[in-house]
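From first to last, the protein sequence lines are chains A and B. Residue numbers for the first sequence follow the working numbering, so the first one is 1 and each next one is one higher. Residue numbers for the second sequence follow the working numbering, so the first one is 1001 and each next one is one higher. A quick write-up on the structure given underneath.
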Amino acid sequence: MSNIQKAFENGKAFIAFITCGDPDLETTAKTVRAAVENGADLIELGIPFSDPTAEGPVIQGANLRALTGGITTDKIFALVKELRRDVKIPMVFMTYANVVFSYGAEKFISACRDIEMDGLILPDLPFEEKEEFQPLCRQYGIDLISLIAPTSQNRIAMISKEAEGFIYIVSSLGVTGTRSEIKTDLASIVKVVRENTNVPCAIGFGISTPEQAKKMADISDGAIVGSAIIKLLEKYGKDAPKYVGEYVKSMKDAIR
Amino acid sequence: MTNPNGRFGIHGGQYIPETLMNAVIELEEAYNHYKNDPEFNRELTQLFNEYAGRPSRLYYAGKMTKDLGGAKIYLKREDLNHTGAHKVNNVLGQALLAKKMGKTRLIAETGAGQHGVATATAAALMGMECVVFMGEEDTVRQALNVYRMRLLGAEVIPVKTGTATLKDAVSEAMREWTSRISDTHYCLGSVMGPHPFPTIVRDFQAVISKEIKEQILLKEGRLPDAVIACVGGGSNSIGSFYHFIEEESVRLIGCEAAGRGIDTFETAATIATGRLGIFHGMKSYFCQDKDGQIASVYSISAGLDYPGVGPEHAHLHDIGRAEYIPVTDDEAVNAFEYLAKTEGIIPAIESAHAVAHAMKIAPTMDKDEIIVITISGRGDKDCAAIARYRGEDIHE
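See the structure below:
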């Protein structure tokens, strides 16, 4: 069974996204630990990419700051290895196909196993292209996470049937970033997902307040938050871990 | 040349967010329907001929031929099209297709501004809304084209992210498309991006090689020995090559922008300096660092200033069917001035890259051999930049 399953065993899951190296790796490590101590159930670690086409301005900014700071894939692998000494909750990487492809798919995915990562989210790798990395992910025991969007419609069943780890349901059209309102009929999407798989599903894109998180977690198995956390890192820099910890606690308390 | 999964050999594919998948599937289905629809083709041909001014001339460049002292040189005059470049061929096709699909809004990326102007033109003609994304740096370099787009009724959005050039304009247009799909068609300007764009754009640009073939057979009674065109994403070149791919006797030569040279970091020559990767929806060759971060590229030509190349070109390179040659800023500027002085034709600085290579190989060829150079666009837009390159400041 997937290790990611554990993230969904403490009531509804709170999933926190953090861009590695923003503003530096030391702060990333402290932020991850603060999130874990305050109830995060799963950590999504972003490996920065120069041209993140699925991201809004906030996460684009984090990518830019991290890359300007000289972050590399190898440095991130070393960070995870260090984190794994005490961080036991499931962790997944979120990056873009070229980061994996360019590093060497087998080298990257086998390294994920060696440093005890549990999964991989690639927003530019739809169902039709997953053969690019799926066989290697299976070989090394890494879950390749599927995404479902508001426009997926007739594709939801097909994607759900082959999903592993958890399903990332994209709440809204467009790119990542906080939104005042989420209008998609997510309950009907979740219904089709549940008819086709037992793999848990969590909702992300646009969630920033405890009220939104509760609403999303009520209709699914958890809430994913990225931009709201990155905004704290942008605002507080090296002092952000404390604020991220408080924020994660408020969010987990809301959905528990 | 396209297989059912949108691959050209190992290149191509659909590496895009799930949010866009049904949009590209819908586009592919619509295209497969309309490409064989007589009414659609009749309308498109009428637009090409009556509105864009096709067929474009295949002009025998007698003075240039004599001066270079080798092969006979013909120029395929895409610069004479309405809006001043080959871009209009693709745009009229896609706008007509979008209209048939019930879309009311076109979005586009642009580098030099030629594709943006062409899209704004088609939108005005067909009564559609139009938004063009353009790197902020390019809006400064090509201020006149920004004005033209606005005059034509389009909204121009300067893109400030990344390097604020063409690749960032593509990224931003893709982001915009994910946020508004139902009424919007993304009118991609080159043979790149996710399937089916590389195939659709190629098919609409293939009119260039179809005409070259007919015109050269009429004038010379035989096929050319070489067809030369510039390559950024690669739309005018694939259009110039397409109907010659099966004609093994015709050399196909693509000229990439080497910028200040392929041994410097200030280059945009993807096939010479890039390696295999996945970006902007496709697998192909890209300029990138060892971690797969896309490189910021440079060329004097805003239209060739892109870190990737279309997947069909990557495949033609792999199988050795086409040759790809880097041409520097210096060589292109010399060719720009040469063609102006020799033939009275001011080519786009993009097209001047192809002229530069022809100037090198024509003298080495026999007098009974034939070269066709595609002049993809006209050079009015470049005059201020070339003047600056030569140390002269003129006000537009």
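Here a beta-carbon is modelled for each residue, glycine too, at the ideal position from N, C-alpha and C.
Per-residue contacts from Arg-155/A into chain B (C-beta, under 8 Å):
Glu-1018, Met-1021, Asn-1022
Return the first residue and the last residue of the beta strand (DSSP E) that Phe-1286/B is part of.
1281 to 1286
What separation, rounded to the nearest whole angstrom, lies between the Cα atoms of Ile-1361/B and Leu-1068/B?
9 Å
Residue burial classification, Val-87/A (beta-carbon count within 10 angstroms, cutoff 16)
buried
Kindly say whether Leu-125/A, judged by its beta-carbon, lies nearer than 8 Å to any beta-carbon of chain B.
yes
Per DSSP, what are the beta-bridge partners of Phe-17/A in this structure?
Glu-44/A
Segments assigned beta strand (DSSP E), at least 3 residues, entirely inside the stretch 1159 to 1244 of chain B
1184 to 1186, 1226 to 1231
Grab me the residues of Leu-25/A's own chain with a C-beta within less than 8 Å of its C-beta, minus the 5 sequence neighbours each way, in chain order.
Ile-71, Lys-75, Ile-76, Leu-79
Drop a sphere of 10 angstroms on the beta-carbon of Glu-1109/B, count the other beta-carbons inside from all chains shown, and report buried for 16 or more, exposed for fewer.
buried
C-alpha distance - Ala-29/A paired with Gly-1135/B, whole-angstrom precision
35 Å
Other residues of its chain near Val-99/A: CB distance less than 6 Å, five sequence neighbours each side excluded
Ile-47, Phe-49
Within the stretch 118 to 155 of chain A, ranges of the beta strand (DSSP E) (whole runs, at least 3 residues)
119 to 121, 146 to 148
Comparing C-alpha positions only, which one of Leu-42/A, Val-248/A, Val-190/A sits nearest to Ile-229/A?
Val-248/A
Indicate whether at least one CB of chain C lies closer than 8 Å to the CB of Lys-1360/B.
The structure shown contains no chain C; the protein chains it does contain are A and B.
Where in the stretch 1340 to 1368 of chain B do unbroken runs of the alpha helix (DSSP H), each at least 4 residues long, occur, reported from the N-terminal end onward?
1349 to 1361
Tell me whether Pro-186/A sits in a helix, a strand or coil according to DSSP, three-state version.
In the sequence on display, residue 186/A carries Leu and not Pro. Leu-186/A falls in the helix class under three-state DSSP.
State the DSSP-derived secondary structure class of Lys-1063/B, mapped to helix, strand or coil.
helix
Span separating the alpha-carbon of Lys-161/A from that of Val-92/A:
21 Å
Backbone CA spacing between Phe-1008/B and Phe-1048/B [nearest angstrom]:
28 Å
Just the Cα atoms here: how many angstroms apart are Ala-97/A and Thr-27/A?
26 Å
Run through chain B and tell me which residues come within less than 9 Å of Tyr-103/A, C-beta to C-beta.
Lys-1290, Asp-1291, Gly-1292
Burial state of Asp-1393/B, where buried means 16 or more other Cβ atoms lie within 10 Å:
exposed
Beta-carbon spacing of Ile-1371/B, Asp-1138/B below 8 Å
no
Hey, out of Val-1140/B, Ala-1118/B, Cys-1230/B, Ala-1257/B, whose CA is closest to Gly-1189/B's CA?
Ala-1118/B
Excluding the 5 residues flanking Ile-1278/B on each side, which residues of the same chain have their C-beta closer than 7 Å to its C-beta?
Tyr-1015
is_contact[Tyr-1015/B, chain A] using C-beta, thresh 8 Å:
yes
8 Å Cβ cutoff, Ser-1171/B in contact with chain A:
yes
Closer than 7 Å by beta-carbon distance: list the chain A residues that pair up with Ile-1200/B, in chain order.
In chain order: nothing, as chain A lies at least about 18 Å away.
Could you work out which residues of chain A lie near Lys-1167/B, taking near to mean beta carbons separated by less than 8 Å?
Asp-51
Distance cutoff 8 Å, beta carbons only. Does Val-175/A sit that close to anything in chain B?
yes
Please list, in chain order, the chain B residues whose beta carbon lies closer than 9 Å to that of Val-99/A.
Asp-1291, Gly-1292, Gln-1293
Chain A partners of Arg-1175/B, CB-CB under 9 Å?
Thr-53, Ala-54, Glu-55, Gly-56, Gly-174, Val-175
Bridge partner(s) assigned by DSSP for Glu-1129/B
Arg-1105/B
Where does the unbroken alpha helix (DSSP H) through Leu-1252/B begin, and where does it stop?
Not the alpha helix (DSSP H): Leu-1252/B falls in the beta strand (DSSP E), residues 1251 to 1259.
Report back the beta-carbon spacing between Pro-52/A and Ile-43/A to the nearest angstrom; my notes put them in contact at under 8 Å.
Not confirmed; about 18 Å, so no contact.
Excluding the 5 residues flanking Ile-156/A on each side, which residues of the same chain have their C-beta closer than 8 Å to its C-beta?
Ile-148, Ile-189, Val-192, Val-193, Asn-196
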